[in-house]
Amino acid sequence: MKSALLVFASLVCSVNGRLGLDAILPITTPMFECLKNSSYEFYVARVFRSNGLIDNTGIANIINARLAGLDADAYLFPCFSASCGNGTDQVTKSVNAIRSAGAQIDTLWLDIERFAWSNDTASNRAFIKDMIVAADELGVAAGIYTYPPFWAQIVGDWIGGSHLPLWWLYWDHLENMDAFVPFGGWTAPTIKQISGDVAGTCGVSNIDKNYML
Ligand SMILES: *[C@@H]1O[C@H](CO)[C@@H](O)[C@H](O)[C@H]1NC(C)=O
Ligand SMILES: *[C@@H]1O[C@H](CO)[C@@H](O)[C@H](O)[C@H]1NC(C)=O
Ligand SMILES: *[C@@H]1O[C@H](CO)[C@@H](O)[C@H](O)[C@H]1NC(C)=O
C-alpha cells in the first residue's frame, strides 16, 4: 500500500510540472547538481544586460547547468543607450556570445519589463519585432518575458508577440497557472515566474523561482 502511494505521488509530481530558477550570481556545476537534487530542472541565465554588456557569468552558468543535467535558457534585458544598437544588434550580440562560448540554450527570452522604454508604443513594438525577426533569422527560438501592466505600458494592446511562448511574471508562489488571465494575444503561459529575489538553496543566495507545465 505504501509503495503504491509513493508511485502515485511521483506520478502526480511528474504531471504537475517542473521547477526552475533564474539567478544572476555565478553558479558552479556542483551547485547546480545540488539544485537538481532539490528538484530544480531548468535554469534561465541573463546573457545581455540593460547596460549593453554581455553577461559572461550568465553564459558560464548555462554551461555549468547543462553539465549538471539541467535544461538551460537565456534572457536578454534590452539596452536603450544609443551605443547599444537596435534590437537586431542586441539579439545578434547575445546569440554570437552564447554560440562562441559553446553554450546551449533552448529559448532566448526577451525581457519586456518596465525600464527605459520610450513612451511611444509604436517604436517599442518595432524594437521588439526586430528582436523577434533577428532571433528567427539566427535560428534561435524566442520567447517573451512580461506581465500585463508592463506589456500594456510598453506596447499597448499589441498581439505581435503571441506566436511566441510566454514567460509570465506572477509572484504568487503557487506552482500552477490558475491565476492567468489572457492578455497580449496569449491564452496560456509556458513558464510562470512564481517568486522573485527569494533565499535560494545550495549556496545560491538569491533566486527567482519558476514553474512550467
Ligand atoms: C544528490 O543526491 C544523491 C542521491 O541522494 C547524492 O548521492 C548526491 O551526493 C547528491 N548530490 C549533491 C550535489 O547534492
Ligand atoms: C539595426 O542596426 C544595424 C546597424 O547596427 C543596421 O544594419 C540594421 O539595418 C538595423 N536594423 C533595423 C531593423 O533597423
Ligand atoms: C515618458 O513619460 C514620462 C511622464 O510623462 C516621463 O517622465 C518620461 O521621462 C518619459 N520617458 C521617456 C523615455 O521619454
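Count the sequence shown with mature numbering (1 follows the signal peptide of the UniProt record, and there is no 0) and you get residues -17 to -1, 1 to 196, in order. Glycine is no exception: its CB is placed at the ideal position from the N, C-alpha and C atoms.
Could you please give the first and the last residue of the uninterrupted alpha helix (DSSP H) stretch that includes residue i?
i           : result
residue 96  : Element bounds for residue 96: n/a, residue is neither H nor E.
residue 165 : Per DSSP, residue 165 belongs to no alpha helix (DSSP H) and is neither H nor E.
residue 9   : Here residue 9 belongs to no alpha helix (DSSP H), and DSSP marks it neither H nor E.
Going by the CB atoms, is the gap between residue j and residue i shorter than 8 Å?
i           : j           : result
residue 77  : residue 60  : no
residue 186 : residue 154 : no
residue 148 : residue 173 : yes
residue 145 : residue 8   : no
residue 5   : residue 27  : yes
residue 62  : residue 35  : yes
residue 103 : residue 54  : no
residue 136 : residue 108 : no
residue 111 : residue 167 : no
residue 2   : residue 194 : yes
residue 73  : residue 114 : yes
residue 118 : residue 91  : yes
residue 86  : residue 37  : no
residue 128 : residue 150 : yes
If I follow the unbroken beta strand (DSSP E) through residue i, where does it start and stop?
i         : result
residue 2 : 1 to 5
Quickly, what does DSSP pair residue i with across the bridge? List them, please.
i           : result
residue 29  : 58
residue 193 : 3, 176
residue 182 : 189
* To do: Give me every residue whose Cβ sits closer than 6 Å to any heavy atom of ligand 2, in chain order.
  => 68, 69, 71, 72, 113
* Mind listing, in chain order, the continuous alpha helix (DSSP H) runs of no fewer than 4 residues lying wholly within the region 119 to 161? => 131 to 138
* Which residue spans inside the region 38 to 94 form an unbroken alpha helix (DSSP H) run of at least 4? -> 39 to 50, 70 to 83
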